[in-house]
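Each residue of the sequence shown is one higher than the last, beginning at 121 in my numbering. Ideal Cβ placement from N, Cα and C applies to all residues, glycine included. The structure appears below as structure tokens.
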Amino acid sequence: MGQLRPDWRTPKADRLAPDHPDRAQLLAEHDNALAHDDPGYVDPRSGWWVFTAAHLADAGTCCENGCRHCPYE
């Protein structure tokens, strides 16, 4: 099983920069998905599906695909 980061619910800065213009909206989408126990959400700009940190943590290991909300070290 992979090692979760202490702040695993927060995206890594290299995956969602603190100054990203859509950061607040993306984090709100992520929080909404978590609140509804959804596995992810649609990125409003790209239209791509993004898994939540909780869904990725349930996988048990990092998939090495550079996921925005990867919870692993």
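- For residue 169, the pairing in a beta bridge is given by DSSP as 162.
- Apart from sequence neighbours up to five positions away, the residues of its chain that approach residue 154 with a beta-carbon distance below 7 Å are 172, 174, ordered along the chain.
- Between residue 147 and residue 170, the alpha-carbon positions lie close to 11 Å from each other.
- Where residue 133 is concerned, there is no enclosing alpha helix (DSSP H), because DSSP gives it neither an H nor an E.
- For residue 183, the number of other beta carbons within 10 angstroms of its own is below 16, and it is reported as exposed.
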